[in-house]
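*Asks:* Here it is, the structure in full.
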Amino acid sequence: MNKPMKLTILGATGSIGMSTIDVMLRHPDKFTAYALVGHKNATRMAELAAKVHPELVVMTDEDAYAALKGKLPQDVKLAFGMDAAEAASAHDDVDMVMAAMVGSAGLPATLAAVRAGKRVGLANKECLVTAGRIFMQAAKTYGAEIVPVDSEHAAVHQALAGHDRDSVTRIILTASGGPFRQRDPKTLRDVTPAEAIAHPNWSMGAKISIDSATMMNKALELIEARWLFDAKAEQLSAIIHPQSIVHAMVEYRDGSVLAQLAMPDMRSPIVYAMQAEPRLESGIPWLELAQTQPLEFQAIDDERFPAMVLVKAVLAGEDSLAIAFNAANEVANQAFQDGKIGFMDIVATVESVMAKTNNLYVKSLEEVWSFDAEARQLAKDLIRIC
Ligand SMILES: NC(=O)c1ccc[n+]([C@@H]2O[C@H](COP(=O)([O-])OP(=O)(O)OC[C@H]3O[C@@H](n4cnc5c(N)ncnc54)[C@H](OP(=O)(O)O)[C@@H]3O)[C@@H](O)[C@H]2O)c1
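Residues in the sequence shown are numbered consecutively from 17, following my numbering.
This is the structure we're talking about:
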């Protein structure tokens, strides 16, 4: 029998991290944990460590690290900081890294996994949005395998498998439309963070739930797909599908369209990223099409979702625009969560920051961080005057 695959889970205390642990514990003969990496949630990490028994726990927040001292099982080591997270990603014993931190904060530890030639399950889409060129080049250089965990990209991956890439005409991502698909646009100004986080189909972390409500999430996913599948802007599109059963489609030159369907539960793409074939049980409910609502599709209304207009400029432009798009969104999304700006100000802030950003090719990680910092500062300056 093969040895179980050893994992480092970045963002173990989050929604994707915990779903990964759920899958791991269903298959103890196949998966085991080397390290669990969290940020601030010490209480949850103590519970997870007791359940999973990893060799190492890393907290990237100093107070959370201090709070965990003496709270872990005796044989579990504890470390602090992003350097320790990077080391946990690149460790020789690790076979796979699940990249599930949120935001571009996840880039260094995920890139460390890529540079160590690991299999990387990529949920943390902001890595590819901010540094797609550097990231994919590193994967090639170091022989790392990047397997998408975003449900749409996992669907595309499956619909592409075994097919000729040159025959692909379109990659179509589906979007649920979020909680405000049918809400009167005039009332969107008054949306509260709690309303924006209440996604109709998916249970996710706060940031991505708000990104889904603004459709920034789909915009980020289109940029992610560009790098993952080496696709041209004109091959990428998105469509609203409120039931979130069809996750994506790939259209071929002969007019044939391959779709992947599953109940909306992240354990399906997670288990696929951990082991594609033979398929493993994931714990998600079976899809009974005769008992689900009819599957509907509709075009995305650009007026309601201006993020989808902005992303066209990002896809047509250079890397600096994608970095600014993501960084400004991270700042604005957090400011909305903190009650500092309204819901409609999120995308407006991103648009204003992009208007002030030069459209430039980015060659190095230093340049990535420099554009990222500049965009964050611009967004913060704008929010103060919002
Ligand atoms: N949830 C989904 O269904 C879903 C689907 C597709 C893609 N994704 C993507 O997966 C990623 C994670 O999403 P999620 O919903 O799981 O988010 P989440 O529930 O908010 O969890 C985020 C994780 O990242 C950690 N974290 C937060 N800030 C950090 C920082 N500055 N440095 C290091 N770690 C930090 C958190 O640690 P603490 O909690 O300990 O502070 C937590 O473990 C995102 O990029 C998202 O777009 C998620």
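Virtual Cβ for every residue (Gly too), placed ideally from N, Cα, C.
Taking 7 Å as the CB-CB cut-off, is H69 touching chain B?
*Replies:* Looking at the structure shown, chain B is missing, and only one protein chain is on hand.
*Asks:* Beta-carbon within less than 6 Å of A391's beta-carbon, same chain only, minus the 5 sequence neighbours each way: which residues are those?
*Replies:* As a working mapping, residue 391 is identified with position 375 in the sequence shown. Within the same chain, A391 has close Cβ partners A340, A343, A344, V369.
*Asks:* In whole angstroms, give me the CA-to-CA distance for L84 and V92.
*Replies:* Counted from its first residue, the sequence shown places residue 84 at position 68. Counted from its first residue, the sequence shown places residue 92 at position 76. Whole-angstrom Cα-Cα distance: 11 Å.
*Asks:* Starting from the N-terminal side, write out each stretch of the alpha helix (DSSP H) that is 4 residues or longer and does not extend beyond the stretch 349-396.
*Replies:* 360-371
*Asks:* So, is Y50 buried or exposed, given that buried needs 16 or more other C-beta atoms within 10 angstroms?
*Replies:* Locating residue 50 in the sequence shown gives position 34, where the first residue counts as 1. Buried is the call here.
*Asks:* Inspect the beta-carbon positions of V130 and K22 and report whether they are closer than 7 Å.
*Replies:* As a first step, residue 130 must be located in the sequence shown, where it is residue number 114. As a first step, residue 22 must be located in the sequence shown, where it is residue number 6. No, the pair does not count as a contact, with Cβ atoms beyond the cut-off.
*Asks:* Could you give the distance in angstroms between the alpha-carbon of N18 and the alpha-carbon of A155?
*Replies:* Taking the first residue of the sequence shown as position 1, residue 18 is located at position 2. Taking the first residue of the sequence shown as position 1, residue 155 is located at position 139. A direct Cα-to-Cα measurement between N18 and A155 gives close to 25 Å.
*Asks:* Would you kindly work out how many angstroms separate the C-alpha atoms of V68 and I37, rounded to a whole number?
*Replies:* By one-based count along the sequence shown, residue 68 stands at place 52. By one-based count along the sequence shown, residue 37 stands at place 21. Those two C-alpha atoms are separated by around 8 Å.
*Asks:* Taking all protein chains shown into account, decide if N374 is buried (16 or more other Cβ within 10 angstroms of its Cβ) or exposed.
*Replies:* In the sequence shown, the residue the question calls residue 374 occupies position 358. Burial check for N374: the Cβ neighbour count within 10 Å stays below 16, so the residue is exposed.
*Asks:* Run through DSSP, which three-state label would F151 get?
*Replies:* The residue given as residue 151 occupies position 135 in the sequence shown. The answer is helix: DSSP assigns F151 an H, G or I state.
*Asks:* Can you tell me the Cα-Cα spacing of R42 and M290, whole angstroms?
*Replies:* Against the sequence shown, residue 42 aligns to sequence position 26. Against the sequence shown, residue 290 aligns to sequence position 274. About 12 Å.
*Asks:* Within its chain, find whatever has a CB closer than 8 Å to the CB of P301; leave out the 5 residues flanking it on each side and keep chain order.
*Replies:* In the sequence shown, the residue the question calls residue 301 occupies position 285. Hits under 8 Å: M279, D281.
*Asks:* Can the beta-carbon of I187 be found less than 7 Å from the beta-carbon of V163?
*Replies:* In the sequence shown, the residue the question calls residue 187 occupies position 171. In the sequence shown, the residue the question calls residue 163 occupies position 147. No, these two residues do not count as a Cβ contact at 7 Å.
*Asks:* Measure from the alpha carbon of D45 to the alpha carbon of each residue in M61, P20, A58, A66, then state which is nearest.
*Replies:* As a position in the sequence shown, residue 45 is number 29, starting the count at 1. Comparing Cα-Cα distances from D45 to each of M61, P20, A58, A66, the minimum goes to P20.
*Asks:* Between which two residues does the alpha helix (DSSP H) containing S31 stretch?
*Replies:* Along the sequence shown, one-based indexing puts residue 31 at 15. If you look at S31, you'll find it in the alpha helix (DSSP H) that goes 31-42.
*Asks:* In whole angstroms, give me the CA-to-CA distance for I135 and D200.
*Replies:* Here residue 135 corresponds to residue number 119 of the sequence shown, with the count starting at 1. Here residue 200 corresponds to residue number 184 of the sequence shown, with the count starting at 1. Note that residue 135 corresponds to Arg in the displayed sequence, not to Ile. Answer to the nearest angstrom: the Cα atoms are 44 Å apart.
*Asks:* Please state if the CB of A132 and the CB of A106 are separated by a distance shorter than 7 Å.
*Replies:* Taking the first residue of the sequence shown as position 1, residue 106 is located at position 90. Taking the first residue of the sequence shown as position 1, residue 132 is located at position 116. Closer than 7 Å, so yes.
*Asks:* Rounded to a whole number of angstroms, what is the C-alpha to C-alpha distance between E241 and D79?
*Replies:* The residue given as residue 241 occupies position 225 in the sequence shown. The residue given as residue 79 occupies position 63 in the sequence shown. The question names Glu, yet the displayed sequence has Ala at residue 241. Note on geometry: alpha-carbon atoms of A241 and D79 lie some 36 Å from one another.
*Asks:* If distances are taken between C-alpha atoms only, which option among A210, F245, N349, V273 comes closest to E161?
*Replies:* Taking the first residue of the sequence shown as position 1, residue 161 is located at position 145. Measuring from the Cα of E161, the nearest candidate turns out to be F245.
*Asks:* Where V366 and K234 are concerned, what is the direct C-alpha to C-alpha distance, given to the nearest angstrom?
*Replies:* As a first step, residue 366 must be located in the sequence shown, where it is residue number 350. As a first step, residue 234 must be located in the sequence shown, where it is residue number 218. One C-alpha to the other measures close to 15 Å.
*Asks:* So the alpha helix (DSSP H) H169 belongs to, where does it begin and stop?
*Replies:* Numbered from its first residue, the sequence shown carries residue 169 at position 153. From DSSP, the alpha helix (DSSP H) with H169 extends over 167-176.
*Asks:* Using a threshold of 6 Å, is the CB atom of T230 nearer than that to any non-hydrogen atom of ligand 1?
*Replies:* Sequence index remark: in the sequence shown, residue 230 carries index 214 (1-based). Every heavy atom of ligand 1 is 6 Å or more from the Cβ of T230, so no.
*Asks:* Can you say whether S120 is buried or exposed, counting buried as having 16 or more other CB atoms within 10 angstroms of its CB?
*Replies:* Position 104 of the sequence shown, counted from the start, is the residue given in the question as residue 120. Per the 10 Å Cβ criterion, buried.
*Asks:* Please determine whether the Cβ atom of A49 lies at a distance below 6 Å from any heavy atom of ligand 1.
*Replies:* In the sequence shown, the residue the question calls residue 49 occupies position 33. Checking the Cβ of A49 against ligand 1 gives no.
*Asks:* Cβ-heavy atom distance between G148 and ligand 1 below 6 Å?
*Replies:* By one-based count along the sequence shown, residue 148 stands at place 132. Result no, Cβ not under 6 Å from ligand 1.
*Asks:* M112 by DSSP, collapsed to three states: which one?
*Replies:* Taking the first residue of the sequence shown as 1, we reach residue 112 at position 96. M112 falls in the strand class under three-state DSSP.
*Asks:* At what residue ranges does the stretch 244-324 contain a whole run of the alpha helix (DSSP H), taking only runs of 4 or more?
*Replies:* 283-290
*Asks:* Keeping to the same chain, check which residues put their C-beta closer than 7 Å to that of G193; ignore five residues upstream and five downstream.
*Replies:* Residue 193 sits at position 177 when you count from the first residue of the sequence shown. For G193, where only same-chain residues beyond five positions count, the Cβ hits under 7 Å are I256, P258.
*Asks:* So, at 6 Å on beta carbons, what are the nonlocal neighbours of V207 in its own chain, with the 5 sequence-adjacent residues on each side left out?
*Replies:* Taking the first residue of the sequence shown as 1, we reach residue 207 at position 191. In its chain, beyond the 5 residues on either side, F359 have a beta carbon closer than 6 Å to the beta carbon of V207.
*Asks:* Does the distance from the C-beta atom of L189 to that of I261 stay below 7 Å?
*Replies:* Here residue 189 refers to the residue found at position 173 of the sequence shown. Here residue 261 refers to the residue found at position 245 of the sequence shown. Result no, Cβ atoms of L189 and I261 do not sit closer than 7 Å.
*Asks:* Could you check if L337 is buried or exposed, using at least 16 other CB atoms within 10 Å of its CB as the buried criterion?
*Replies:* Position 321 of the sequence shown, counted from the start, is the residue given in the question as residue 337. Result: buried.
*Asks:* Cβ atoms of Q174 and Q307: under 7 Å apart, would you say?
*Replies:* For this step, residue 307 is matched to residue 291 along the sequence shown. For this step, residue 174 is matched to residue 158 along the sequence shown. Their beta carbons are not under 7 Å apart, which means Q307 does not touch Q174 by this criterion.
*Asks:* Hey, could you find the ends of the alpha helix (DSSP H) R11 is sitting in?
*Replies:* Coverage of the chain is limited to positions 17 through 402, which leaves residue 11 absent and any answer about it impossible.
*Asks:* So R131 is in the alpha helix (DSSP H); what residue range does that whole segment cover?
*Replies:* For the purposes of this step, residue 131 is taken as residue 115 along the sequence shown, with counting starting at 1. Run containing R131: 123-131, per the alpha helix (DSSP H) assignment.
*Asks:* Give the range of the alpha helix (DSSP H) segment to which E211 is assigned.
*Replies:* The count along the sequence shown starts at 1 and reaches residue 211 at position 195. 209-213 is the extent of the alpha helix (DSSP H) around E211.
*Asks:* In three-state DSSP terms, what is P89?
*Replies:* For the purposes of this step, residue 89 is taken as residue 73 along the sequence shown, with counting starting at 1. Of the three classes helix, strand and coil, the one that applies to P89 here is coil, per DSSP.
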